[in-house]
Amino acid sequence: MEDAKPSVTKANPTQAETASKQSVAQKSEKNMDEAVKISIIIPTNAYFMSGLRDFTMNIVRNMTGFSEQWAFRFQSVVDELVNNAIEFGSATGKDVTITFVSRKGKSIEIFVADTGTGPTKKTAQEMTATVEQGKHIDPTKMTSLRGRGLAQIVANWTDVLEFKDNPEGGLTIHVVKYLEEGEQL
Ligand SMILES: Nc1ncnc2c1ncn2[C@@H]1O[C@H](COP(=O)(O)OP(=O)(O)OP(=O)(O)O)[C@@H](O)[C@H]1O
Ligand SMILES: [Mg+2]
Numbered sequence: 059m060e061d062a063k064p065s066v067t068k069a070n071p072t073q074a075e076t077a078s079k080q081s082v083a084q085k086s087e088k089n090m091d092e093a094v095k096i097s098i099i100i101p102t103n104a105y106f107m108s109g110l111r112d113f114t115m116n117i118v119r120n121m122t123g124f125s126e127q128w129a130f131r132f133q134s135v136v137d138e139l140v141n142n143a144i145e146f147g148s149a150t151g152k153d154v155t156i157t158f159v160s161r162k163g164k165s166i167e168i169f170v171a172d173t174g175t176g177p178t179k180k181t182a183q184e185m186t187a188t189v190e191q192g193k194h195i196d197p198t199k200m201t202s203l204r205g206r207g208l209a210q211i212v213a214n215w216t217d218v219l220e221f222k223d224n225p226e227g228g229l230t231i232h233v234v235k236y237l238e239e240g241e242q243l
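Now the structure itself:
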């Protein structure tokens, strides 16, 4: 009787193996292109801001490819947008919805939606005009401590800043920042 042949490890992958490896690589490349979307709903209470700040930092660090400096900037952007939603947009006990959309190595998008139940009723069109006005004010000559959030902070650190009227009332503020050379981790 012949001895059992030792099993031989193949040095060269078969065609089928190569094809399957390629398709895994293609899939993971495709995954990199896919957007990851995360939404958080908080009640209108400043208590939740510190947790949201931590969350923003972690998302930017782990899922976007932006540098740490940009992670700090996005924390400020989220702070400004959510503080506005709490102060002006949603009444006490109502919600603010924050949505992050990350395309790793490409962009981060943030949506902040309120319910329009708060003290300030402004349409998307009015908000666009408010920001345009604010952009033309020289920040070194500003006398008020207020009115800087959108025009001086959010607009400076994003490529797109736009407003949408929600069908059920309130506003959604949408910002996009594209990842450019020198801004990577
Ligand atoms: N979510 C919102 N709903 C309704 N009105 C808003 C909303 N966000 C901002 N506004 C209006 O737009 C104005 C400008 O907002 P912005 O954040 O630039 O300044 P501010 O909140 O007044 O001051 P700061 O952000 O510097 O403390 C606000 O004063 C408010 O009238
Ligand atoms: Mg503000």
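According to my numbering, the residues represented by the sequence shown are 59 to 243, in order.
Just so you know, even glycine gets a beta-carbon here, dropped at the ideal spot from N, CA and C.
Computed from a prediction, not measured in an experiment: that's the story for all the values here.
With residue i and residue j assumed to form a contact (beta carbons below 8 Å), what rounded beta-carbon distance in angstroms separates them?
i	j	result
LYS152	THR102	6 Å
ILE98	PHE113	7 Å
GLU138	VAL212	5 Å
GLY227	GLY174	4 Å
ILE144	ALA171	In fact, because the Cβ distance is near 12 Å, the residues do not count as touching under 8 Å.
Can you find a heavy atom of ligand 2 that lies under 6 Å from the Cβ of residue i?
i	result
ASN142	yes
GLY207	yes
Please find out if some non-hydrogen atom of ligand 1 comes closer than 6 Å to the beta-carbon of residue i.
i	result
ARG131	no
PHE146	yes
THR114	no
ASP223	no
THR102	no
ARG204	yes
LEU229	yes
Cα separation between residue i and residue j?
i	j	result
THR157	GLN183	22 Å
TYR236	MET107	25 Å
LEU203	LEU219	22 Å
GLU239	GLU126	14 Å
MET121	GLU167	12 Å
GLU92	LYS199	44 Å
MET115	THR155	17 Å
HIS194	GLN210	10 Å
Could you give the DSSP three-state label for residue i: helix, strand or coil?
i	result
ARG161	strand
LEU203	coil
SER97	strand
ALA153	Inspection of the sequence shows that residue 153 is occupied by Asp rather than by Ala. If DSSP states are grouped into helix, strand and coil, ASP153 belongs with the strands.
GLY109	helix
Mind checking who residue i pairs with in its DSSP beta bridge?
i	result
THR102	THR102 is not bridged to any residue.
THR230	ALA171 and LYS222
LYS235	ILE166
GLN242	PHE124
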